[in-house]
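Asker:
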Amino acid sequence: MVEWWDRAGKQPKTYLKDRCLELDVQYRGIIGRSQCHPIVKVRQELMWELRDKFGLSFPAIGRLFAGRDHTTVLFAVRKVEALKRGEA
1443 MVEWWDRAGK
1453 QPKTYLKDRC
1463 LELDVQYRGI
1473 IGRSQCHPIV
1483 KVRQELMWEL
1493 RDKFGLSFPA
1503 IGRLFAGRDH
1513 TTVLFAVRKV
1523 EALKRGEA
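Residue numbering for the sequence shown follows my numbering, beginning at 1443 and increasing consecutively.
Put into structure tokens, the structure is as follows:
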């Protein structure tokens, strides 16, 4: 039986940390409170990736990002989806 977190071969937090390494950004910076545009952009993309690859709920993703509210995650996911459709 494949667990929900094993869909991408890793647990979500491990996946998040690995992606930060790949993108050459600090994990602490991504989950932190910085509102610097480059950090926010990467944070939003990573939130979308977690939703897409793991099917996590918005509150669960928010908890991975230092307890952010589910509406913050919802906004991020919708923004990335709009960018991918070429709407933003």
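Cβ atoms here follow ideal geometry from the backbone N, Cα and C, with glycine treated the same way.
1) Using a Cβ-Cβ distance under 7 Å, would D1494 count as near chain B?
2) Provide the residue span of the alpha helix (DSSP H) that contains G1471, from first to last.
3) On the three-state DSSP scale, how would you describe L1465?
4) I need the DSSP call for E1529, collapsed to helix, strand or coil.
5) So, under 8 Å CB-CB, M1489 and A1518 are touching, yes? Tell me the CB distance rounded to an integer number of Å.
6) Suppose you measure from the CA of K1455 to the CA of Q1477; what does that come to, to the nearest Å?
7) Can you give me the Cβ contacts of I1473 inside the same chain, cut-off strictly under 7 Å, excluding the 5 residues immediately before and after it?
Answerer: In brief:
1) Of the chains in the structure shown, none is chain B; there is only one protein chain.
2) For the purposes of this step, residue 1471 is identified with residue 29 of the sequence shown, where counting begins at 1. Y1469 to I1473 is the extent of the alpha helix (DSSP H) around G1471.
3) As a working note, residue 1465 is residue 23 in the sequence shown. Reduced to three states, the DSSP call for L1465 is coil.
4) Along the sequence shown, one-based indexing puts residue 1529 at 87. Looking at E1529 - three-state DSSP - the assignment turns out to be coil, as it is neither helix nor strand.
5) Numbered from 1 along the sequence shown, position 47 holds the residue referred to as residue 1489. Numbered from 1 along the sequence shown, position 76 holds the residue referred to as residue 1518. Their Cβ separation, rounded to whole angstroms, is 4 Å, which keeps M1489 and A1518 in contact under 8 Å.
6) Locating residue 1455 in the sequence shown gives position 13, where the first residue counts as 1. Locating residue 1477 in the sequence shown gives position 35, where the first residue counts as 1. Near 21 Å, if we compare the C-alpha coordinates of Q1477 and K1455.
7) Position 31 of the sequence shown holds residue 1473. Answer for I1473: F1507 and A1508, listed in chain order.
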